[in-house]
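If you're matching them up, the sequences are chains A and B in order.
In terms of the working numbering, the first sequence has 33 at position 33, counting the first letter as 1, and numbering is strictly consecutive.
In terms of the working numbering, the second sequence has 260 at position 3, counting the first letter as 1, and numbering is strictly consecutive.
Below you'll find the structure, written out as structure tokens, and then a few comments.
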Amino acid sequence: MLELRLVQGSLLKKVLESIKDLVTDANFDCSATGFSLQAMDSSHVALVSLLLRSEGFEHYRCDRNMSMGMNLNNMAKMLKCAGNDDIITIKADDGGDTVTFMFESPNQDKISDFEMKLMDIDSEHLGIPESEYHAIVRMPSQEFARICKDLSSIVDTVVISVSKEGVKFSTRGDIGSANIVCRQNPSVDKPDEATIIEMQEPVSLTFALRYMNSFTKATPLSNTVTISMSSELPVVVEYKIADMGYIRFYLAPKIEE
Amino acid sequence: DTRQGNILSFFKKS
């Protein structure tokens, strides 16, 4: 038996909106730790890792570890039927082939049940090594989204370079080139608006903007985004989910030949 | 020239 009651149901709606275009089908894993997901896009260039910790739910019952295969597009369609202020409860029976999403309006005058068929998904769970990153940039998530959107209208790849000077987003294409530098800007008054750089050594990597743009669909989940880079590893773009956990996107860099 | 890297060449199946 599984029963997870999330008072801030909008968080789950936002999570699905942020991953449904990147990943088609995925297994949601439920354990004492929380409700989690790890999945790659179909071309194995990006990986998403989601954790909603059990403590973040008002009620969290998971009698035994469960893995539930879901089509994320269909799940998103159902969650779109929940109001932004609704409480969402996820229910499933052990060994069952369906999951139920229950939506309760804040004053309890409307209760909806949506039942969705589960799928068998052969997923490959990957071990993500703990890493010390060469550079970690924390910046306003809206600023990052704006930069990715602006640059993707010009070219399809971006070079992200971190130095003491700041973080630089550069592109070069048929019509010309662009450089956007965000300088370190620790803001004591408004920490969400600060750009903070922790750098062990300078790092510069090239990425497909199409994926970066897709990650920024998680912007409504958090005011800030953290970008962690090392020269030998996929970049990690992380959005914290208020007191509950995180959504992390890993993107393999383009490799010089 | 660059080619797109693959997640599976960085993270191994667990």
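Glycine included, C-beta positions come from ideal geometry on N, C-alpha and C.
query	result
Closest Cα partner of Leu265(B) within the set Glu124(A), Ile255(A) and His59(A)	Glu124(A)
Interface residues of the region 121-136 of chain A facing chain B [CB-CB below 8 Å]	Glu124, His125, Leu126, Gly127, Ile128 and Pro129
Length of the line joining the Cα atoms of Lys117(A) and Ser31(A)	20 Å
Contact set between Thr206(A) and chain B, taken where Cβ atoms lie within less than 7 Å	Thr259
Terminal residues of the alpha helix (DSSP H) in which Cys30(A) lies	Per DSSP, Cys30(A) belongs to no alpha helix (DSSP H); it is in the beta strand (DSSP E), Asp25 to Cys30.
Contact set for Ile136(A): own chain, Cβ-Cβ below 7 Å, skip 5 residues either direction	Glu198, Thr226 and Ser228
Below-8 Å beta-carbon distance, Ala178(A) vs any chain B residue	no
Sufficient close CB pairs (3 or more, under 8 Å) joining the region 55-75 of chain A to the region 14-24 of chain A	yes
Collapsed DSSP secondary structure at Lys110(A) in the structure displayed	coil
6 Å CB neighbourhood of Thr216(A) in its chain, flanking five on each side removed	Ala145 and Cys148
Bridge-paired residues (DSSP) for Asn65(A)	Looking at the DSSP assignment, Asn65(A) forms no beta bridge with any residue, so it has no partner.
The region 200-228 of chain A: positions lying closer than 7 Å to chain B by Cβ	Thr206 and Ala208
Extent of the continuous alpha helix (DSSP H) to which Ser141(A) belongs	Ser141 to Ser152
The region 190-210 of chain A / the region 247-257 of chain A touching (three or more Cβ pairs under 8 Å)	yes
Minimum C-alpha distance to Ile247(A) - residue among Gly9(A), Ser10(A), Leu6(A) and Ile19(A)	Ile19(A)
Contact list for Ala39(A) against chain B, beta-carbon separation under 8 Å	What Ala39(A) touches in chain B: nothing, since even the nearest Cβ is about 11 Å away.
Beta-carbon spacing of Lys14(A), Pro220(A) below 8 Å	yes
Residue nearest to Pro202(A) in terms of C-alpha spacing, selected from Glu232(A), Gln142(A), Ile180(A) and Ile175(A)	Glu232(A)
For Gly34(A), the three-state DSSP class (helix, strand or coil)	strand
Residues, ordered as in the chain, of the region 225-256 of chain A that lie near chain B by beta-carbon distance below 9 Å	Glu232, Leu233, Pro234, Tyr250, Leu251, Ala252, Pro253, Lys254, Ile255 and Glu256
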